[in-house]
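Visitor: Sharing a structure here in structure tokens format.
Number of protein chains: 2
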Amino acid sequence: MADLNDVDATGSPCSGEARVLGQTRCRAAQAASCDSCGVKDVSVCSALEAVELEAFNALSEKVIFRSKETLFLQGDDARAVYNVTCGTLRLYKLLPDGRRQIVGFLLPGDFVGLSLSERYGFSADAIDQVSACRFDRGDFIDFVDRNPHLLRRLHQAATHELTLAQDHMVLLGRRAAEEKVAAFLLAMRGRLRRLGGSAVTIPLAMTRQDLADHLGLTLETVSRVVSKLAREKTILVVPDGLRIMDAGRLEQIGAS
Amino acid sequence: MADLNDVDATGSPCSGEARVLGQTRCRAAQAASCDSCGVKDVSVCSALEAVELEAFNALSEKVIFRSKETLFLQGDDARAVYNVTCGTLRLYKLLPDGRRQIVGFLLPGDFVGLSLSERYGFSADAIDQVSACRFDRGDFIDFVDRNPHLLRRLHQAATHELTLAQDHMVLLGRRAAEEKVAAFLLAMRGRLRRLGGSAVTIPLAMTRQDLADHLGLTLETVSRVVSKLAREKTILVVPDGLRIMDAGRLEQIGAS
DNA sequence: CAATGTCTTTGATCTGGATCAAACCGCCAA
DNA sequence: TTGGCGGTTTGATCCAGATCAAAGACATTG
Numbered sequence: 001m002a003d004l005n006d007v008d009a010t011g012s013p014c015s016g017e018a019r020v021l022g023q024t025r026c027r028a029a030q031a032a033s034c035d036s037c038g039v040k041d042v043s044v045c046s047a048l049e050a051v052e053l054e055a056f057n058a059l060s061e062k063v064i065f066r067s068k069e070t071l072f073l074q075g076d077d078a079r080a081v082y083n084v085t086c087g088t089l090r091l092y093k094l095l096p097d098g099r100r101q102i103v104g105f106l107l108p109g110d111f112v113g114l115s116l117s118e119r120y121g122f123s124a125d126a127i128d129q130v131s132a133c134r135f136d137r138g139d140f141i142d143f144v145d146r147n148p149h150l151l152r153r154l155h156q157a158a159t160h161e162l163t164l165a166q167d168h169m170v171l172l173g174r175r176a177a178e179e180k181v182a183a184f185l186l187a188m189r190g191r192l193r194r195l196g197g198s199a200v201t202i203p204l205a206m207t208r209q210d211l212a213d214h215l216g217l218t219l220e221t222v223s224r225v226v227s228k229l230a231r232e233k234t235i236l237v238v239p240d241g242l243r244i245m246d247a248g249r250l251e252q253i254g255a256s
Numbered sequence: 001m002a003d004l005n006d007v008d009a010t011g012s013p014c015s016g017e018a019r020v021l022g023q024t025r026c027r028a029a030q031a032a033s034c035d036s037c038g039v040k041d042v043s044v045c046s047a048l049e050a051v052e053l054e055a056f057n058a059l060s061e062k063v064i065f066r067s068k069e070t071l072f073l074q075g076d077d078a079r080a081v082y083n084v085t086c087g088t089l090r091l092y093k094l095l096p097d098g099r100r101q102i103v104g105f106l107l108p109g110d111f112v113g114l115s116l117s118e119r120y121g122f123s124a125d126a127i128d129q130v131s132a133c134r135f136d137r138g139d140f141i142d143f144v145d146r147n148p149h150l151l152r153r154l155h156q157a158a159t160h161e162l163t164l165a166q167d168h169m170v171l172l173g174r175r176a177a178e179e180k181v182a183a184f185l186l187a188m189r190g191r192l193r194r195l196g197g198s199a200v201t202i203p204l205a206m207t208r209q210d211l212a213d214h215l216g217l218t219l220e221t222v223s224r225v226v227s228k229l230a231r232e233k234t235i236l237v238v239p240d241g242l243r244i245m246d247a248g249r250l251e252q253i254g255a256s
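Right, dumping it as structure tokens:
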């Protein structure tokens, strides 16, 4: 049985400043503009000196996207780099006939547009209300050029994403429906945990369709698998998310 | 009808020096050790000054792997970075029960291990005879640190790989068998073309099983699709590869 | 040259997940 | 209060691709 005594992440306010490649600093004064998003504050532990961090954050402006709002479309020229501070983004690609593959969900702390290329390689929109730090791409590149040690971090971030992408290829190419869902839930639990949130309740802002388009399934199949896991008491479906009741069982199904 | 007059890439010798992040320089004296691999020489056009290039190449030693030889396994500690100069590598991940997902095929000019991380995130083995330049990972990192502009190239290479990975997710998650094969062939044609090879004949060193494990299919399905395309004269199966007879038709099937 | 192993092709059958269809469940707006 | 809307669940049916099976095509080796 899972650790039900875990405190659910609920009321921690969001940072108004960018996490510098995985790290963040919170400014309480800005927290009020963003409702609870399930992420605890993380103390400063940055790749940047305090003075650099100040300069870095000065480059950004805070922006808010409403649920379903589109940040940009695949092929748009990449004016901005974003750092999510609150909420969830979906990044996706479309085939000409409308089939969609969600290549990733971004949570607080994640960057969009780190490739620094001329054009966005995917589309992005907000699943729930999202707040983010927006950097002008040119300014961001200049700053990185002036602080070359940041490039190492940038490169690390990119290769980490690549590793995730490769893991997802295994999931898409070689796993059965139930394994896909189990592996996804475990991965999500890991990410939330690292963000300091709950290890038990997973707030799923995305719909069954989103899940399906991420896992290479249909929404009906996702729904059936979730129902089955709930019937077996492996998970418990709650409003706006689900609770992992038997992580061991989930790992057994989604073992990697 | 496709351009049948295209000269097939056959006899061009391979470089004995690393391509510096996409560019290469050939040294005729070393070419003899490697049989034809379908890749034309590319003139020097490097991110490095001549003197740096010299230093860079001095870091590497030439290594040769026989067909089916394993370079490293997932989880091994990453002692080396490789630059393929001839032949084809497959990079793959295994599930505990033996299911395999090939995350990529590497052709001449491609680097392995650019993530510079402590451990390899996948396994790699040679499909045919492969020659490569081998860099000690520590030396490579030191060199990059001394030449920070190279980090930009490194980062570009990583994000390019990430883009390819995301495209492959679309293929794995949302495409039908025939589309998968068509898209793969077109992508391979593009890569070979960029390498200066033939646009018509695609030398497939990999088996049907390899293809299947890359595309998320079974070998039988791959075989059937290839047979079907051949029956329709879209492609022509030849020893050790195939010819694209009707690229338009292929694009129509595998449109992205 | 037969024997053996590896890879490929092709056919017959099966099945996991897609597709089609309908009901259900808040939630919001009229 | 009702109706519409977006999302979810559940059932019935279908089918693309998996699985099972066998034979063919080459190399390599004894």
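Going line by line, the protein sequences match chains A and B.
Residues 1 to 256 in the UniProt record's numbering are what the first sequence spells out, letter by letter.
Residues 1 to 256 in the UniProt record's numbering are what the second sequence spells out, letter by letter.
Ideal Cβ placement from N, Cα and C applies to all residues, glycine included.
Can you list, in chain order, the residues of its chain whose CB lies under 7 Å from that of residue 135/B, leaving out five sequence neighbours each side?
Guide: Residue 135/B sits at position 135 when you count from the first residue of the second sequence. 59, 60, 80, 81.
Visitor: Residue 118/B lies in the beta strand (DSSP E); which residues open and close that run?
Guide: In the second sequence, residue 118/B corresponds to position 118, counting from 1. Premise fails: residue 118/B is in no beta strand (DSSP E) and is neither H nor E.
Visitor: Flag this pair as yes or no: are the beta carbons of residue 261/A and residue 202/A separated by less than 9 Å?
Guide: As displayed, chain A neither begins before 1 nor continues past 256, which places residue 261/A out of reach and without an answer.
Visitor: For residue 136/B, write down the residues that DSSP places opposite it in a beta bridge.
Guide: Numbered from its first residue, the second sequence carries residue 136/B at position 136. BP columns for residue 136/B point to 80/B.
Visitor: Quickly, what does DSSP pair residue 153/B with across the bridge? List them, please.
Guide: Residue 153/B sits at position 153 when you count from the first residue of the second sequence. Answer is none; residue 153/B lacks a bridge partner.
Visitor: Please report the straight-line C-alpha distance between residue 170/A and residue 19/B, rounded to a whole angstrom.
Guide: Position 170 of the first sequence holds residue 170/A. Position 19 of the second sequence holds residue 19/B. Each residue's alpha carbon lies about 29 Å from the other.
Visitor: What three-state label does DSSP hand residue 28/B in the structure shown?
Guide: Counting from one through the second sequence, the residue named residue 28/B turns up at place 28. Low confidence applies here, because residue 28/B scores a pLDDT of 31, under 50, leaving its location unreliable; read the following figure in that light. Helix.
Visitor: Would you mind sorting residue 142/B into buried or exposed? The rule is 16 or more other CB atoms within 10 Å of its CB.
Guide: Reading the second sequence from its first residue, position 142 is the one you call residue 142/B. Under this definition residue 142/B is an exposed residue.
Visitor: Output the distance between the C-alpha atoms of residue 38/A and residue 107/A, rounded to the nearest integer angstrom.
Guide: Within the first sequence, the letter at position 38 stands for residue 38/A. Within the first sequence, the letter at position 107 stands for residue 107/A. For residue 38/A, the predicted structure reports a pLDDT of 39, less than 50, and the residue's modelled location is therefore unreliable. The matter cannot be settled from this model.
Visitor: By the 8 Å beta-carbon criterion, what residues does the stretch 163 to 186 of chain B contribute toward chain A?
Guide: Result list: 163, 165, 166, 167, 168, 169, 170, 172, 173, 174, 175.
Visitor: Measure from the C-beta of residue 249/A to each C-beta in chain B and report whether the shortest distance is under 9 Å.
Guide: Counted from its first residue, the first sequence places residue 249/A at position 249. By this cut-off, residue 249/A is not an interface position.
Visitor: Flag this pair as yes or no: are the beta carbons of residue 132/A and residue 68/A separated by less than 9 Å?
Guide: Residue numbering aside, residue 132/A sits at position 132 when the first sequence is read from its first letter. Residue numbering aside, residue 68/A sits at position 68 when the first sequence is read from its first letter. Going by C-beta atoms, residue 132/A is not nearer than 9 Å to residue 68/A.
Visitor: Looking at the structure shown, is residue 257/B part of a helix, part of a strand, or coil, going by DSSP?
Guide: No answer is possible for residue 257/B: it lies beyond the span of chain B, which begins at 1 and ends at 256.
Visitor: Output needed in chain order: residues of the stretch 201 to 228 of chain B with a Cβ under 9 Å from some Cβ in chain A.
Guide: So the close ones are 213, 214, 215, 216, 217.
Visitor: Counting only Cβ-Cβ distances shorter than 7 Å, please list the residues of the stretch 104 to 131 of chain B near chain A, keeping chain order.
Guide: Per Cβ criterion, the list reads 115, 117, 121, 122.
Visitor: Thinking residue 211/A and residue 222/A are a contact (beta carbons under 8 Å), I'd like their distance in whole angstroms, please.
Guide: Position 211 of the first sequence holds residue 211/A. Position 222 of the first sequence holds residue 222/A. Right, their Cβ atoms sit about 5 Å apart.
Visitor: Give me the DSSP bridge partner(s) of residue 203/B.
Guide: Mapped onto the second sequence, residue 203/B falls at position 203. According to DSSP, which records beta bridges pairwise, residue 203/B is partnered with nothing at all.
Visitor: What is the DSSP secondary structure of residue 99/B, reduced to helix, strand or coil?
Guide: To locate residue 99/B, count along the second sequence from 1; it is residue 99. Three-state DSSP puts residue 99/B in coil, outside helix and strand.
Visitor: Does DSSP put residue 172/A in a helix, in a strand, or in coil?
Guide: What you label residue 172/A is simply residue 172 of the first sequence in a count that begins at 1. The answer is helix: DSSP assigns residue 172/A an H, G or I state.
Visitor: Looking at the structure shown, is residue 221/A part of a helix, part of a strand, or coil, going by DSSP?
Guide: Locating residue 221/A in the first sequence gives position 221, where the first residue counts as 1. Reduced to three states, the DSSP call for residue 221/A is helix.
Visitor: Span of the alpha helix (DSSP H) holding residue 210/A?
Guide: Taking the first sequence and counting its residues from 1, the one referred to as residue 210/A is at position 210. Start and end: 208 to 215.
Visitor: Quick one: does residue 78/A have its CB under 9 Å from some CB of chain B?
Guide: Counting from one through the first sequence, the residue named residue 78/A turns up at place 78. Not one chain B Cβ lies under 9 Å of residue 78/A.
Visitor: Is it true that the CB of residue 130/A sits closer than 9 Å to the CB of residue 64/A?
Guide: In the first sequence, the residue the question calls residue 64/A occupies position 64. In the first sequence, the residue the question calls residue 130/A occupies position 130. Yes.
Visitor: Could you tell me the distance, in whole angstroms, from the CA atom of residue 191/A to the CA atom of residue 86/A?
Guide: Taking the first sequence and counting its residues from 1, the one referred to as residue 191/A is at position 191. Taking the first sequence and counting its residues from 1, the one referred to as residue 86/A is at position 86. Roughly 14 Å between the two C-alpha positions.
Visitor: Are residue 179/B and residue 253/B closer than 9 Å when you measure CB to CB?
Guide: Translated into the one-based positions of the second sequence, residue 179/B becomes position 179. Translated into the one-based positions of the second sequence, residue 253/B becomes position 253. In contact: residue 179/B and residue 253/B (Cβ atoms closer than 9 Å).
Visitor: Is residue 158/A close to chain B? Criterion is C-beta to C-beta, closer than 9 Å.
Guide: Sequence index remark: in the first sequence, residue 158/A carries index 158 (1-based). Chain B, which has a Cβ nearer than 9 Å to the Cβ of residue 158/A, makes this yes.
Visitor: Going by alpha carbons, who is nearest to residue 104/B out of 226/B, 118/B, 154/B, 172/B?
Guide: Your numbering for residue 104/B matches position 104 in the second sequence. Of 226/B, 118/B, 154/B, 172/B, the residue nearest in Cα terms is 172/B.
Visitor: From residue 91/A to residue 158/B, what does the alpha carbon distance come to, in whole angstroms?
Guide: Position 91 of the first sequence, counted from the first residue, corresponds to residue 91/A. Position 158 of the second sequence, counted from the first residue, corresponds to residue 158/B. Their backbone Cα atoms lie some 18 Å apart in a straight line.
Visitor: Count the other CB atoms, across all protein chains shown, that sit within 10 Å of the CB of residue 118/B; report buried if there are 16 or more and exposed otherwise.
Guide: By 1-based counting over the second sequence, the position of residue 118/B is 118. Exposed: under 16 other Cβ atoms inside 10 Å.
Visitor: Indicate the three-state DSSP secondary structure (helix, strand or coil) for residue 69/B in the structure shown.
Guide: Stepping through the second sequence from its first residue, residue 69/B is reached at position 69. Residue 69/B: coil per DSSP, three-state reduction.
Visitor: Grab the span of the alpha helix (DSSP H) containing residue 183/B for me, first residue to last.
Guide: Taking the second sequence and counting its residues from 1, the one referred to as residue 183/B is at position 183. 177 to 194 is the span of the alpha helix (DSSP H), which, as asked, contains residue 183/B.
Visitor: Does DSSP put residue 253/B in a helix, in a strand, or in coil?
Guide: In the second sequence, the residue the question calls residue 253/B occupies position 253. DSSP places residue 253/B in helix when its eight states are reduced to three.
Visitor: What number of angstroms, rounded off, separates the C-alpha of residue 243/A from the C-alpha of residue 73/B?
Guide: Taking the first sequence and counting its residues from 1, one reaches residue 243/A at position 243. Taking the second sequence and counting its residues from 1, one reaches residue 73/B at position 73. Cα to Cα, residue 243/A sits roughly 36 Å from residue 73/B.
Visitor: For residue 125/A, name the three-state secondary structure that DSSP assigns.
Guide: Here the question's residue 125/A lines up with position 125 in the first sequence. Strand, per DSSP.
Visitor: Report the neighbours of residue 232/A on chain B: residues whose CB is nearer than 8 Å to its CB, in chain order.
Guide: Residue numbering aside, residue 232/A sits at position 232 when the first sequence is read from its first letter. Under the 8 Å cutoff, chain B gives no residues; its nearest Cβ is about 21 Å from residue 232/A.
Visitor: Note down, in chain order, every chain B residue with its Cβ under 8 Å from the Cβ of residue 243/A.
Guide: As a first step, residue 243/A is located in the first sequence; it is residue number 243 there, counting from the start. Per Cβ cutoff of 8 Å: no residues; residue 243/A is ~27 Å from chain B at best.
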